[in-house]
Structures are given as C-alpha cells and as structure tokens.
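Each remark here refers to the structure printed beneath this line.
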Amino acid sequence: MISVYKHNSKLLKLQGEIVKQGEIIALSGNSGVLTSGPHLHFELWSEGFSIDPNTLINFE
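Quick note, the sequence shown lines up with residues 15 to 74 if you use my numbering.
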C-alpha cells in the first residue's frame, strides 16, 4: 500500500522512510497550479489501483 500526500508547503520525511503513527510528515500548503488555498490531497494506492481511504480509515 502506498499513501500519497499532495500540495505540501514542506516535506519533513523522505519518500520510503518508515514513520510511526502520529508523526508529522509534512506541512499543508498551496502548491500546484489549480489550488485555491492550503489543503491536503490524500490518496491510497495498492497494486496500481486507487483505494477509497474511507474504507480503511475512520476519519471521525
């Protein structure tokens, strides 16, 4: 499984680095050409297919 975090203002971890729950990995930002303000674009991928994060993570 691969997690993707886009539109960051600063990365605090390197790609492939192992992190623990609760660690800050990046600061939210406004990078990209079609953004309208600071936000996080979060994706999960497995075997080349995107996965709905809501099926694995309780965001409430």
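Just so it is clear, CB atoms sit at the ideal spot from N, CA and C, and this is done for glycine as well.
Bridge partners - residue i, DSSP secondary structure assignment
i	result
residue 21	For residue 21, which the question treats as bridged, DSSP gives no partner whatsoever.
residue 60	63
residue 43	53
Beta-carbon proximity list for residue i, same chain, < 6 angstroms, skipping 5 on both sides
i	result
residue 46	21
residue 16	59
Residues near residue i in its chain [Cβ-Cβ closer than 8 angstroms; skip 5 each side]
i	result
residue 51	44
**Segment contact, 8 angstroms Cβ cut-off, at least three pairs: the segment 29-38 with the segment 50-68** = no
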